[in-house]
Structure formats: structure tokens, C-alpha cells
DNA sequence: CATTTGTGCAACCATTTGGTTGTACGTTAC
DNA sequence: GTAACGTACAACCAAATGGTTGCACAAATG
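Protein chains in written order, with UniProt numbering: chain A, 1 to 109; chain B, 1 to 109.
Rendered as C-alpha cells:
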């Protein structure tokens, strides 16, 4: 339930081109919000909101430095998301394994 | 641009607890829409819409069988999503590598 | 044939999302 | 001290989302 909400926030945050780009940039090099805002064709406030969504999902961390806020991508959360998907693939593999076992089963007749 | 739209659809589709559960179930064992609808406390039409979102993201395939539609989870798309996240992690690793190289660099003075 | 079952789809509604502008406020720079 | 910069936040708006009910229709069942 709690974990579900977290997964919802993470995937929701990743479901936007601008936000994925912000994560990419800040994973490569930290940046202030206004630096980020300069990269996109939208208002400062809009970029600020995208950063807030990413921060709520813990995909990004925001730390003050003087009058600006430095944004850094958080590889931990990316990793967590990847593990969630890995668990899905595992379910599928388990199904294949059951199917294989069934096909290998000797015919009882 | 086209690829971005696809990523948007995939992550958006995964950003909902019910939809992730449908993917889990149909990855484990195929099911009809009404079978799925029976599992959740919402209308048939609501579940139908969730399946449509998943199908548009190619997280699920819908094939007719008699009067019912059989839903199967699509492991290929899960894998694709995981690879997208893997690319993000790779960016981060590249940054660490650059940092290591910088620290290892002999002081020119 | 009549009924039930499974699906598709439209219309509607409340809430959320993604954008805008405007204002306020702390921090640097002159 | 004043001006410029970086941020925060509120109010507003259009569009998308996630749900509902109702109706139509094709396939299985009596």
C-alpha cells in the first residue's frame, strides 16, 4: 500500500519527456533550477513544478547552496524502479519454468 | 520524439497500482477481461479502460477467443522499460568514472 | 428463439496534471 | 542601500485521467 504509492510516484514522474531529461542531466552533472529552466521552452515555474514532482518521487535531491537550489539525480531510486521491473520479469520466467516442467512431465498413461 | 512518446505511455501505464497488478497477473497466467474485472472493486468498464491503457503501451496483448478477449502480459515491453532505466544508471556511472579519472590525474604543477 | 454472458463504447463527472502569470522574499553584486 | 538574481508559491486555466452508468451487439447456452 505504502510501497504502491511510492511506485506510482516514481513511474508517474518518469512518464514525462521533460522530467526524464531533467533526471538524465542531473545524473550526469548537478544543476540549479534556473540552469535547468534555461534548457526548456517553458516558464521557470513549470520547470520548478517538474523538479518538485521528481523530488517527491525521490528521483532527484534538492540541496540549497547560497541563493540557489542544486538538483542532483538519485541513482538509488532508478535502481529501485529497475528492480521492480525485474520482479515482473521474474514472474514471467516462473511461468515459463512451470510450462517447461509440465512439458517434461512423463505422460501418466 | 516517437520513442519518447512510447516511453511516456509505458511509464504512465505502470504508474497505477491496479494496472501493475493486471500486468503481474497476466504475466503469470492469461485471463479474460471479465475474469480480471472480478478481481477488483470497480466496474467492468473501469477495468476495461485500464486494459486499454496497458495495451496502448504494449505492456499487454489482447487476443480474441470466442466471445472473450484473452489478456497476456508482454515481457518484451517490461524488458524495454528496464533497459531505459539501465541507460540512466549508465549515465551516472559515466559521471563517477570521469570523477575518478579527474582524481587520479597527476597534478600538473 | 430467447436469454445470458463478455465485450465495446459513448456520455458524463470529479480530480489531477501541466502549463501560465503575478507576487513576494532571501541572497548576491554594484 | 539598491538593483538584479534565484526561488517559492498562489491563482487560474485547459486538457487528461480515472471512475461511473447506460446501451448496443456478438457469442454461448437454455
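A virtual CB, placed ideally from N, CA and C, is assigned to each residue, including glycine.
Q: Closer than 6 Å by C-beta to residue 30 of chain A: which residues in its own chain qualify, once you throw out the five before and the five after it? Chain order, please.
A: These residues qualify, in order along the chain: 70 and 72.
Q) Can you tell me the Cα-Cα spacing of residue 110 of chain B and residue 96 of chain A, whole angstroms? A) Given that chain B is displayed from residue 1 to residue 109, the structure contains no residue 110 of chain B and the question cannot be resolved.
Q.
So residue 8 of chain B and residue 16 of chain A are supposed to be a Cβ contact under 8 Å. How far apart are they, rounded?
A. Residue 8 of chain B to residue 16 of chain A, Cβ: 7 Å. Contact.
Q: Report the residue from B/33, B/77, B/44 and B/36 whose alpha carbon sits nearest the alpha carbon of residue 13 of chain B.
A: The candidate whose alpha carbon is nearest that of residue 13 of chain B is B/77.
Q. For residue 23 of chain A, which residues from the same chain have a beta carbon less than 7 Å from its beta carbon, with the 5 sequence-adjacent residues on both sides left out?
A. Taken in chain order, the residues that qualify are 54, 59, 60 and 73.
Q | Residues near residue 57 of chain A by beta carbon distance below 6 Å, same chain, minus five either side | A | Contacts found: 9, 10 and 13.
Q: From the DSSP output, in three-state form, read off residue 68 of chain B for me.
A: For residue 68 of chain B, the three-state secondary structure derived from DSSP is strand.
(Q) Counting only Cβ pairs nearer than 7 Å, list the residues of chain B close to residue 14 of chain A. (A) Correct list: 11.
**Q.** residue 20 of chain B, buried or exposed, once every other Cβ within 10 Å from all chains shown has been counted against 16
**A.** Buried, because 16 or more other Cβ atoms sit within 10 Å of the Cβ of residue 20 of chain B.
Q: With 8 Å as the threshold, decide whether the Cβ of residue 23 of chain A is near any Cβ in chain B.
A: Closer than 8 Å: yes.
(Q) For residue 44 of chain B and residue 18 of chain A, I'd like the C-alpha separation in whole angstroms. (A) Going from the Cα of residue 44 of chain B to the Cα of residue 18 of chain A covers about 34 Å.
**Q.** Short Cβ contact (8 Å threshold) for residue 89 of chain A with residue 6 of chain B
**A.** No, these two residues do not count as a Cβ contact at 8 Å.
Q: Output yes if chain A places a C-beta closer than 8 Å to the C-beta of residue 82 of chain B; else output no.
A: Residue 82 of chain B counts as touching chain A.
Q) DSSP puts residue 32 of chain B in a beta bridge; with which residues? A) Under DSSP, residue 32 of chain B forms a beta bridge with B/70.
Q. Going by the beta-carbon positions, is the gap between residue 65 of chain A and residue 85 of chain B smaller than 8 Å?
A. Their beta carbons are not under 8 Å apart, which means residue 65 of chain A does not touch residue 85 of chain B by this criterion.
**Q.** Endpoints, the alpha helix (DSSP H) within which residue 59 of chain A is located
**A.** First-last for residue 59 of chain A: undefined, no H or E at that position.
Q) Residues in its own chain within less than 8 Å of residue 67 of chain A by CB, not counting five upstream and five downstream? A) Closer than 8 Å at the Cβ level, and outside the excluded window around residue 67 of chain A, lies no residue.
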